[in-house]
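To start, the structure under review is shown below, and the notes come after it.
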Amino acid sequence: MNTDPTDKNKYTAPPPEEEVAQLDDAVIGRAFRWSAVAFVILAGAVAGGIWYAKRKPPVAPVQQTKLTSPTVAAPAPAEIPMVKFTDITVGSGIKFIHHSGATGEKLLPETMGGGVAFLDFDNDGAQDLLFINSGDWPWQTANRQADATMKLYRNDGHGKFTDVTAGSGLDVSFYGMGVAVGDYDNDGRPDVFITAVGGNRLFHNLGNGKFADVTAESGVGGSPAQWSTGAAWLDYNNDGKLDLFVANYVKWSRQIDAEVGYKIDGQTRAYGQPMNFEGTFPQLFRNMGGRKFTDVSQAAGVQVKNKDTGVPVAKSLGVAPVDIDGDGWIDLIVANDTVQNFVFHNQRDGKFKEIGLSSGVGFDANGAARGAMGIDAAQYRNDGALGVAIGNFANEMTALYVSQKEPLNFTDEAIAEGVGPASRLLLKFGVFFFDYDLDGRLDLLTANGHLEQEISKIQKSQSYAQPAQLFWNCGAKNAASFAVVPAGKAGGDLFKPMVGRASAFADIDGDGDLDVVLTQVNGPPLLLRNDQQLGHHWLRLKLVGTKSNRSAIGARLVVKAGGLTMQRTVMPTRSYLAQSELPVTIGLGRADKVESVEIIWPGGAKQVVTPVRIDTTTVIVEAR
Numbered sequence: 003m004n005t006d007p008t009d010k011n012k013y014t015a016p017p018p019e020e021e022v023a024q025l026d027d028a029v030i031g032r033a034f035r036w037s038a039v040a041f042v043i044l045a046g047a048v049a050g051g052i053w054y055a056k057r058k059p060p061v062a063p064v065q066q067t068k069l070t071s072p073t074v075a076a077p078a079p080a081e082i083p084m085v086k087f088t089d090i091t092v093g094s095g096i097k098f099i100h101h102s103g104a105t106g107e108k109l110l111p112e113t114m115g116g117g118v119a120f121l122d123f124d125n126d127g128a129q130d131l132l133f134i135n136s137g138d139w140p141w142q143t144a145n146r147q148a149d150a151t152m153k154l155y156r157n158d159g160h161g162k163f164t165d166v167t168a169g170s171g172l173d174v175s176f177y178g179m180g181v182a183v184g185d186y187d188n189d190g191r192p193d194v195f196i197t198a199v200g201g202n203r204l205f206h207n208l209g210n211g212k213f214a215d216v217t218a219e220s221g222v223g224g225s226p227a228q229w230s231t232g233a234a235w236l237d238y239n240n241d242g243k244l245d246l247f248v249a250n251y252v253k254w255s256r257q258i259d260a261e262v263g264y265k266i267d268g269q270t271r272a273y274g275q276p277m278n279f280e281g282t283f284p285q286l287f288r289n290m291g292g293r294k295f296t297d298v299s300q301a302a303g304v305q306v307k308n309k310d311t312g313v314p315v316a317k318s319l320g321v322a323p324v325d326i327d328g329d330g331w332i333d334l335i336v337a338n339d340t341v342q343n344f345v346f347h348n349q350r351d352g353k354f355k356e357i358g359l360s361s362g363v364g365f366d367a368n369g370a371a372r373g374a375m376g377i378d379a380a381q382y383r384n385d386g387a388l389g390v391a392i393g394n395f396a397n398e399m400t401a402l403y404v405s406q407k408e409p410l411n412f413t414d415e416a417i418a419e420g421v422g423p424a425s426r427l428l429l430k431f432g433v434f435f436f437d438y439d440l441d442g443r444l445d446l447l448t449a450n451g452h453l454e455q456e457i458s459k460i461q462k463s464q465s466y467a468q469p470a471q472l473f474w475n476c477g478a479k480n481a482a483s484f485a486v487v488p489a490g491k492a493g494g495d496l497f498k499p500m501v502g503r504a505s506a507f508a509d510i511d512g513d514g515d516l517d518v519v520l521t522q523v524n525g526p527p528l529l530l531r532n533d534q535q536l537g538h539h540w541l542r543l544k545l546v547g548t549k550s551n552r553s554a555i556g557a558r559l560v561v562k563a564g565g566l567t568m569q570r571t572v573m574p575t576r577s578y579l580a581q582s583e584l585p586v587t588i589g590l591g592r593a594d595k596v597e598s599v600e601i602i603w604p605g606g607a608k609q610v611v612t613p614v615r616i617d618t619t620t621v622i623v624e625a626r
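For what it's worth, the numbering used here labels the leading residue of the sequence shown as 3, then goes sequentially.
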């Protein structure tokens with residue numbers, strides 16, 4: 003009830019019935035007239051309320067918020083040099099063809115291999131080549147390819163290769179994936195570890211071109227149910243013996259793949275996506291000496307579980323062993339497909355702490371996981387900052403995480419550095435830093451190719467075979483570091499479309515510049531000779547450990563020349579399923595002398611080497 007005495011529409015209660023009978027006609031008339039007036043007023047108020055409720059609200063002025071596009075720093079005014087890469091695959095004697103074993107079942111491993119390694123297996127100073135093959139499935143009965151083995155090629159030192167696989171001990175067939183090369187027993191001969199579907203293999207180098215399968219006695223074979231991909235030799239505990247890290251992809255079997263039943267268009271069977279498969283654990287094997295290894299994965303802290311489900315998180319394809327914070331202890335950055343990347347920080351007590359999220363490397367800038375494949379790490383700006391390049395899936399940019407003032411903190415600077423937008427469309431696998439023009443600055447190359455042959459039918463912007471991509475490091479300080487190299491500046495051979503996977507580099511002909519090999523699924527590799535003629539000088543160092551591991555893997559070099567301070571690491575594990583050469587090539591540009599060379603051996607011991615000759619290879623043995 004309304005009790006406000008000032009209300010014009012107030013309602014007065016009628017008097018009791020016995021009082022109404024005593025009122026005279028005048029009083030009744032006045033009451034009637036006031037009631038009529040009140041009714042008219044009330045009716046008007048109701049009508050006004052209805053109109054107000056149904057009226058159209060006034061149009062508010064439109065407020066526009068301007069969206070700012072990602073800013074790409076302008077490239078430096080320097081001109082990209084002309085450095086031609088020439089396809090010498092056939093002319094050099096390489097006849098290898100990768101065989102995936104595909105028969106139409108669309109089993110995921112068929113589209114992921116195979117690896118490649120540059121290695122000097124016979125210690126003659128020339129970089130030889132080892133190609134990893136996949137092969138027929140055990141249940142396959144028709145159209146089997148009996149000679150689907152690895153292929154080992156000896157280099158004559160001038161870029162001519164001879165197939166020496168037969169009788170080497172590597173002429174065996176299994177479903178191979180990746181490769182890691184290192185002298186695990188410090189006998190002076192590089193040994194070979196091969197990852198695979200259905201169990202891995204370790205081959206001990208006996209010398210004279212012979213290898214022995216020592217998988218069973220070493221204890222590094224893993225499980226027959228495993229699918230292993232990337233691998234790396236490293237000395238994580240600085241005891242002078244190389245340990246072994248093995249990346250495993252997803253929990254896979256023929257039956258699981260069939261149950262996933264992925265279809266590219268809702269009808270046509272296609273290769274399944276990794277998010278439809280359960281994750282796995284990577285493995286870390288400690289070298290106990292005497293050619294024996296112990297699996298220390300759990301104790302070392304490299305097995306990451308989902309906190310909610312308890313299942314393994316990792317879906318690992320690539321690994322970059324690198325001393326992130328310069329404390330003399332090697333760390334591990336692991337590229338994971340569709341789940342967060344890992345950063346295993348070495349705690350110097352035999353254990354690692356996973357800091358992918360807090361470091362900024364675990365996800366992209368929006369907190370999302372990407373389809374990570376290959377990976378490499380290097381100080382590409384010559385300013386002390388560490389860059390981590392990760393090749394991601396199609397329609398995802400190549401990541402370029404760069405360390406900040408605090409070395410364990412990274413920011414993805416792919417856009418600002420000129421790599422991101424240009425790389426988005428391609429599906430990137432192999433990725434590595436190398437100085438292809440020998441100017442003292444590390445450039446970037448990616449090998450690319452899709453998973454699905456029919457991808458162009460549903461995505462017009464995609465193709466199965468894709469060209470490689472090369473980024474030149476222009477050395478800019480206040481602009482993008484990288485510029486996309488067009489075919490006119492590198493020749494068309496480098497950019498031939500292929501179903502690219504692994505990639506590696508080495509000086510195969512002794513001229514000082516770095517040549518490149520790219521592999522592809524179900525096809526021949528692409529061996530490219532670097533024909534640069536820029537007149538740049540170079541420094542090539544081969545390190546031999548004595549107290550450290552014989553391969554000197556993990557040793558860091560600090561070279562000062564031509565006003566630059568260049569830091570490089572002895573690390574053959576780069577890219578995807580691949581190994582590059584062990585010696586380190588450092589471009590000097592126009593500088594005709596080296597001011598100083600300092601080596602920080604694994605564990606932190608420092609050694610200054612002077613003088614050092616340029617335009618030749620120098621062997622440096624660790625001081626005892």
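Note that the Cβ used here is the ideal one computed from N, Cα and C, for glycine as well.
| Query | Result |
| --- | --- |
| Could you name the residues of the same chain whose beta carbon sits closer than 7 Å to that of Q65, not counting the 5 residues immediately before and after it, in chain order? | Note that Q65 scores a pLDDT of 42, beneath 50, so its modelled location is shaky and nothing firm can be said. |
| Taking A580 and V118 to be in contact with their CB atoms under 8 Å, please state how far apart those CB atoms are, rounded to whole angstroms. | 5 Å |
| Sort out for me which residues DSSP pairs V390 with in a bridge. | A379, Y403 |
| Can V486 and S505 be called in contact, C-beta distance under 8 Å? | no |
| Helix or strand or just coil, what does DSSP make of T575? | strand |
| Going by DSSP in three states, F497 sits in which element: helix, strand or coil? | helix |
| Between P284 and V248, how many whole angstroms is the CB-CB distance? I'm expecting something under 8 Å. | 6 Å |
| Looking at P499 and F98, is the spacing between their C-beta atoms short of 8 Å? | no |
| Any heavy atom of the ligand ZN closer than 7 Å to the beta-carbon of G95? | Inclusion of the ligand ZN in the displayed structure is not the case, the ligand content being empty and no account of it being possible. |
| For A182 and W235, what's the separation of their Cα atoms in angstroms? | 7 Å |
| Just checking my contact of N1 with K430 at CB under 8 Å: how many whole Å lie between their CB atoms? | It is not possible to answer for residue 1, since the shown part of the chain is limited to 3 through 626. |
| Taking 8 Å as the cut-off, does the region 569-589 touch the region 402-416 (at least 3 CB pairs, one atom from each stretch)? | no |
| Taking the straight line between their C-alpha atoms, what separation do you get for V336 and W540? | 31 Å |
| Just mark E261 as buried or exposed, buried being the case when its beta carbon has 16 or more other beta carbons within 10 Å. | exposed |
| How about A371 and G420: are their beta carbons less than 8 Å apart? | no |
| Identify, in the order they occur along the chain, each residue of the same chain with its Cβ nearer than 8 Å to the Cβ of V546, setting aside the five sequence neighbours on each side. | R552, A554, V621, I622, V623, E624 |
| Do you know offhand how far A557's Cα is from T571's? | 6 Å |
| For P276, is the classification buried or exposed, using 16 other Cβ atoms within 10 angstroms of its Cβ as the cut-off for buried? | buried |
| Go ahead and label D237 buried or exposed: buried means 16 or more other beta carbons lie within 10 angstroms of its beta carbon, across all protein chains shown. | buried |
| Only counting the same chain, and skipping five residues up and downstream in sequence, which positions put a Cβ closer than 7 Å to that of D617? | G514, H539, W540 |
| Under the three-state reduction of DSSP, which class applies to V321: helix, strand or coil? | strand |
| Out of L529, L246, Y264, G605, which one is the CA nearest neighbour of V304? | L246 |
| Quick check: N524 and H206, are their CB atoms within less than 8 Å of each other? | no |
| Identify which residue in A478, W603, A322, G494 has its Cα closest to the Cα of Y578. | A322 |
| For A387 and V614, I'd like the C-alpha separation in whole angstroms. | 26 Å |
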